[in-house]
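Line order of the protein sequences matches chains A and B. Take the first sequence: its letters are residues 10 to 123, numbered as in my numbering. Take the second sequence: its letters are residues 663 to 775, numbered as in my numbering. Glycine included, each C-beta is placed from N, C-alpha and C at the ideal position. The next block holds one structure in the form of structure tokens; read it before the comments.
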Amino acid sequence: AQSVTQLGSHVSVSEGALVLLRCNYSSSVPPYLFWYVQYPNQGLQLLLKYTSAATLVKGINGFEAEFKKSETSFHLTKPSAHMSDAAEYFCAVSDQAAGNKLTFGGGTRVLVKP
Amino acid sequence: DAGVIQSPRHEVTEMGQEVTLRCKPISGHDYLFWYRQTMMRGLELLIYFNNNVPIDDSGMPEDRFSAKMPNASFSTLKIQPSEPRDSAVYFCASSLPYNSPLHFGNGTRLTVT
Chain A
10 AQSVTQLGSH VSVSEGALVL LRCNYSSSVP PYLFWYVQYP NQGLQLLLKY TSAATLVKGI
70 NGFEAEFKKS ETSFHLTKPS AHMSDAAEYF CAVSDQAAGN KLTFGGGTRV LVKP
Chain B
663 DAGVIQSPRH EVTEMGQEVT LRCKPISGHD YLFWYRQTMM RGLELLIYFN NNVPIDDSGM
723 PEDRFSAKMP NASFSTLKIQ PSEPRDSAVY FCASSLPYNS PLHFGNGTRL TVT
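Written as structure tokens, this is what we have:
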């Protein structure tokens, strides 16, 4: 069975500072990993996905994530936070056995301070 | 591409009433998912379809919930009778096969009083 753990339900960063959101996964087979962002009163939007082509994945809005198999991690980073990055971020996992079925983490809400 | 379309955006109903949520997936997508989001439980997968056939409904909370997909362009999630604990945001998502990303609608916020 797959599972995802996001450390920290809330993160507060200053504008211009590094954003680091942590995600650890559990999967018995090579995983597919995703980060989604949710703005208020909207659905989830894909930020980036890992499908084994490269361990460092670049996404939209300046975000990137690094897959580390030894640590079963897929942390999301952005070098310099912008006010528009305030949102909730979800890490998700699927695998070939699960088809397209995604298991989501609990989410991390990001607050950006001016 | 109009994206995944859900209706209504908001639904307020009284306990015991029937509620029907609707979803139009992106044309050409083989998979359709229904998720529920609450503060307490986060995002939960309720059911998903592949080519209009239900594949996994293990997340459906109880018999009061049912979902159908009569054709490739329409799905419904019905709650009958509704209860206050069903209050949540319900999302529909669709995708192509082979672990493609999900595309979410804007959700239906359900309030049962």
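Review point. My guess is that A:E73 and A:K67 are in contact by the Cβ rule of under 8 angstroms, so how many angstroms apart are they, rounded?
Key: Taking the first residue of the first sequence as 1, we reach residue 73 of chain A at position 64. Taking the first residue of the first sequence as 1, we reach residue 67 of chain A at position 58. So it is a contact: roughly 5 angstroms between Cβ atoms.
Practice item. Pick helix, strand or coil for B:R726, following the three-state DSSP scheme. Key: The residue labelled residue 726 of chain B in the question sits at position 64 within the second sequence. DSSP places B:R726 in the coil class of the three-state scheme, outside both helix and strand.
Check your understanding: Exposed or buried, B:Q679, counting other C-beta atoms within 10 Å across all chains shown (16 or more means buried)?
Key -> In the second sequence, the residue the question calls residue 679 of chain B occupies position 17. Burial state of B:Q679 is exposed, judged by a 10 Å Cβ sphere holding fewer than 16 other Cβ atoms.
Practice item. Assuming A:L111 contacts A:Y98 (C-beta within less than 8 angstroms), just tell me the rounded distance between them. Key: The residue labelled residue 111 of chain A in the question sits at position 102 within the first sequence. The residue labelled residue 98 of chain A in the question sits at position 89 within the first sequence. Contact doesn't hold; Cβ gap of about 15 angstroms is too wide.
Review point. By Cβ distance below 6 angstroms, which residues in the same chain neighbour A:L65 in space, the five residues on each side in sequence not counted?
Key: Numbered from 1 along the first sequence, position 56 holds the residue referred to as residue 65 of chain A. So the list reads E75, once near-sequence residues are dropped.
**Study point:** chain A contacts from the segment 751-774 of chain B (Cβ-Cβ distance under 7 angstroms)
**Key:** Residues of the segment 751-774 of chain B whose Cβ lies closer than 7 angstroms to any Cβ of chain A, in chain order: F753, S757, P759, N761, S762, P763, L764, F766, G767, N768 and G769.
Review point. In terms of DSSP beta bridges, what is A:L57 paired with?
Key: Locating residue 57 of chain A in the first sequence gives position 48, counting from the first residue. Residue pairing for A:L57: DSSP places it in a beta bridge opposite A:W44.
Practice item. Would you mind telling me which residues of chain A sit closer than 9 angstroms to B:G835, beta carbon to beta carbon, in chain order? Key: No statement about residue 835 of chain B is possible, as the shown extent of chain B runs from 663 to 775 and does not include it.
**Study point:** Alpha carbon of B:V674 to alpha carbon of A:A62, nearest angstrom
**Key:** The residue given as residue 674 of chain B occupies position 12 in the second sequence. The residue given as residue 62 of chain A occupies position 53 in the first sequence. Between B:V674 and A:A62, the C-alpha separation is close to 46 angstroms.
Review point. Which two residues bound the contiguous beta strand (DSSP E) that contains B:I741?
Key: Numbered from 1 along the second sequence, position 79 holds the residue referred to as residue 741 of chain B. Where B:I741 is concerned, the enclosing beta strand (DSSP E) stretches over F736 to I741.
Practice item. Would you list, in chain order, the members of the segment 704-729 of chain B that have their beta-carbon closer than 9 angstroms to a beta-carbon of chain A? Key: Across the segment 704-729 of chain B, CB contacts with chain A closer than 9 angstroms involve G704, L705, E706, L707, Y710, N712, I717 and D718, in sequence order along the chain.
Check your understanding: Can you find a CB in chain B that lies within less than 8 angstroms of the CB of A:Y34?
Key -> Residue numbering aside, residue 34 of chain A sits at position 25 when the first sequence is read from its first letter. Not flagged as an interface residue toward chain B: A:Y34, since no C-beta distance is shorter than 8 angstroms.
Point to revise | Interface partners of A:F72 on chain B, CB under 8 angstroms | key: Sequence index remark: in the first sequence, residue 72 of chain A carries index 63 (1-based). The contact set of A:F72 on chain B, defined by CB atoms closer than 8 angstroms, is empty, because the minimum CB distance reaches about 14 angstroms.
Check your understanding: Are the beta-carbon atoms of B:P759 and A:K58 separated by less than 8 angstroms?
Key -> Within the second sequence, the letter at position 97 stands for residue 759 of chain B. Within the first sequence, the letter at position 49 stands for residue 58 of chain A. No, the pair does not count as a contact, with Cβ atoms beyond the cut-off.
Practice item. Within the same chain, show all residues whose beta-carbon is closer than 8 angstroms to that of B:P746, passing over the 5 residues directly before and after it, in chain order. Key: By 1-based counting over the second sequence, the position of residue 746 of chain B is 84. Only M677, V774 and T775 meet the Cβ criterion.
Check your understanding: Going by beta carbon distance, what residues of the same chain come within less than 6 angstroms of A:S35, once the five residues before and after it are set aside?
Key -> Walking along the first sequence from the start, residue 35 of chain A turns up at place 26. Excluding sequence neighbours, A:S35 sits near S12.
Practice item. In the DSSP assignment, find the unbroken beta strand (DSSP E) run with A:H19 in it and report its ends. Key: In the first sequence, counting from the first residue as 1, residue 19 of chain A sits at position 10. Residues H19 to S23.
Check your understanding: Which residue comes first and which comes last in the beta strand (DSSP E) that contains A:N33?
Key -> Locating residue 33 of chain A in the first sequence gives position 24, where the first residue counts as 1. V28 to S35 is the extent of the beta strand (DSSP E) around A:N33.
**Study point:** Nearest neighbour of B:G665, chosen from B:F753, B:S689 and B:L772 [CA to CA]
**Key:** For this step, residue 665 of chain B is matched to residue 3 along the second sequence. When each option's Cα is compared against that of B:G665, the closest is B:S689.
Check your understanding: Around the C-beta of B:V715, are 16 or more other C-beta atoms found within 10 angstroms, so that it is buried, or is it exposed?
Key -> The count along the second sequence starts at 1 and reaches residue 715 of chain B at position 53. Burial check for B:V715: the Cβ neighbour count within 10 Å stays below 16, so the residue is exposed.
**Study point:** B:N712 and B:D692 closer than 8 angstroms at C-beta
**Key:** Taking the first residue of the second sequence as position 1, residue 712 of chain B is located at position 50. Taking the first residue of the second sequence as position 1, residue 692 of chain B is located at position 30. B:N712 is a Cβ neighbour of B:D692, given a cutoff of 8 angstroms.
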